[in-house]
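If you're matching positions, the sequence shown starts at 1 in the numbering used here and goes up one per residue.
Beta carbons are placed, not taken as given, at the ideal position from N, Cα and C, and that holds for glycine.
Small disclaimer: the values here were computed from a predicted structure and weren't measured.
Presented below is the structure to which this report refers.
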Amino acid sequence: WKVNFASRTQMLDPSSYSKFFNLHVIAQDLEDKASQLQRLLARENLPVSELVVYGELHGGSYPHKDVPKDNQSRAVQGKCFYSPKLSFKAFDVAFPGAEDKTDHLTYQDRMLLVEQVFDVPRRWVGKVENLLRLLPSIYEQGPGVDKGLPPIEGNIMEGVVLRPWNFHGQDPVKVINPAY
Numbered sequence: 001w002k003v004n005f006a007s008r009t010q011m012l013d014p015s016s017y018s019k020f021f022n023l024h025v026i027a028q029d030l031e032d033k034a035s036q037l038q039r040l041l042a043r044e045n046l047p048v049s050e051l052v053v054y055g056e057l058h059g060g061s062y063p064h065k066d067v068p069k070d071n072q073s074r075a076v077q078g079k080c081f082y083s084p085k086l087s088f089k090a091f092d093v094a095f096p097g098a099e100d101k102t103d104h105l106t107y108q109d110r111m112l113l114v115e116q117v118f119d120v121p122r123r124w125v126g127k128v129e130n131l132l133r134l135l136p137s138i139y140e141q142g143p144g145v146d147k148g149l150p151p152i153e154g155n156i157m158e159g160v161v162l163r164p165w166n167f168h169g170q171d172p173v174k175v176i177n178p179a180y
């Protein structure tokens, strides 16, 4: 069992983790979580020898006077602040080579497994037209508030990803906050 990390454009060499937003600070924790997910899948009768967890690093800075700075972390985003600590949010998982065992899984099925191990983005479930009406209030909440952090004036969400919850084969759509 081997864990690899990648940026949006390439696989990362372990020697570069410290240069990639200080990934080395959380790499072991993410490796442990990947192993936990593999064991969970086996218990769910979905044994896989390989899995790909899609997600992104975030946080590393939360400039608020009441929130202590994490000196091990480095800011990932420059315009919005999620957390003082470097973190990873998982937003999907794939099972290369095990499609025959996993093709029946919807996005909902996959994420209900993933969220037992990884931090996942906030989720709103409903009809698209209702979610689109909610967007202004969702954007107002700002990043970090879901973690119980105090709001930062001007700290706005970049956008939200809309994705069918209980269907197969639907691509996600990112709706960018016009204020971003």
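Take Lys147 and list the residues in its own chain whose beta-carbon comes closer than 7 Å to its own, dropping the five residues that flank it on each side.
-> Locating residue 147 in the sequence shown gives position 147, where the first residue counts as 1. The answer, listed in chain order, is Ser83.
Find out if the Cβ-Cβ distance for the pair Lys101, Leu135 is shorter than 7 Å.
-> Here residue 101 is taken as the residue at index 101 of the sequence shown, counted from 1. Here residue 135 is taken as the residue at index 135 of the sequence shown, counted from 1. For Lys101 and Leu135, no; Cβs fall outside 7 Å.
Residue environment, Met157, which counts as buried when at least 16 other CB atoms sit within 10 Å = Counting from 1 along the sequence shown, the entry for residue 157 is found at position 157. Buried, since its Cβ has 16 or more Cβ neighbours within 10 Å.
Own chain, CB closer than 8 Å to Asn188, minus 5 neighbours either side, in chain order = No statement about residue 188 is possible, as the shown extent of the chain runs from 1 to 180 and does not include it.
In terms of residue numbering, what span does the beta strand (DSSP E) encompassing Asp92 cover?
-> Working through the sequence shown from its first residue, we reach residue 92 at position 92. Note, Asp92: beta strand (DSSP E), 83-94.
DSSP puts Gly142 in a beta bridge; with which residues?
-> For this step, residue 142 is matched to residue 142 along the sequence shown. For Gly142, which the question treats as bridged, DSSP gives no partner whatsoever.
Rounded to a whole number of angstroms, what is the C-alpha to C-alpha distance between Leu113 and Asp32?
-> On the sequence shown, position 113 is the one that residue 113 refers to. On the sequence shown, position 32 is the one that residue 32 refers to. If you take the alpha carbons of Leu113 and Asp32, they lie about 15 Å apart.
May I ask you to report which of helix, strand or coil DSSP gives Tyr107?
-> Residue 107 sits at position 107 when you count from the first residue of the sequence shown. In this structure, Tyr107 counts as helix in the three-state DSSP scheme.
Who pairs with Gly126 in a beta bridge, going by DSSP?
-> Sequence index remark: in the sequence shown, residue 126 carries index 126 (1-based). Gly126 is not bridged to any residue.
Got a sec? Which residues, its chain only, sit under 8 Å from Val128 by beta carbon, not counting five neighbours each side?
-> Locating residue 128 in the sequence shown gives position 128, where the first residue counts as 1. Excluding sequence neighbours, Val128 sits near Leu162.
When we look at the beta-carbon of His58 and count the other beta-carbons within 10 Å, is it buried (16 or more) or exposed?
-> Along the sequence shown, read from residue 1 onward, the residue named residue 58 stands at position 58. With 16 or more Cβ atoms within 10 Å of its Cβ, His58 is classed as buried.
State yes or no: is the C-beta of Val53 within less than 7 Å of the C-beta of Ala90?
-> The count along the sequence shown starts at 1 and reaches residue 53 at position 53. The count along the sequence shown starts at 1 and reaches residue 90 at position 90. Going by C-beta atoms, Val53 is nearer than 7 Å to Ala90.
Simplified DSSP assignment, three categories, for Leu113 = Sequence index remark: in the sequence shown, residue 113 carries index 113 (1-based). It is helical.
Spatial neighbours of Tyr17 within its chain, please: CB distance less than 8 Å, with the 5 preceding and 5 following residues excluded, ordered by chain position.
-> Stepping through the sequence shown from its first residue, residue 17 is reached at position 17. For Tyr17, where only same-chain residues beyond five positions count, the Cβ hits under 8 Å are Phe5, Leu23, His24, Ala27.
Which first and last residues belong to the beta strand (DSSP E) in which Glu56 is found?
-> Residue numbering aside, residue 56 sits at position 56 when the sequence shown is read from its first letter. Counting along the chain, the beta strand (DSSP E) containing Glu56 begins and ends at 52-61.
Report the rounded CA-to-CA distance for Gly142 versus Pro150, giving the unit in angstroms.
-> As a first step, residue 142 is located in the sequence shown; it is residue number 142 there, counting from the start. As a first step, residue 150 is located in the sequence shown; it is residue number 150 there, counting from the start. C-alpha separation (whole angstroms): 10 Å.
Report all residues from its chain with a CB closer than 7 Å to the CB of Gln36; omit the five preceding and five following residues, and keep chain order.
-> Within the sequence shown, numbered from 1, the residue matching residue 36 stands at position 36. Correct list, in chain order: Val117.
Of all the alpha helix (DSSP H) runs that stay within the bounds of the segment 18-55, which reach a length of 4 or more residues?
-> 27-43
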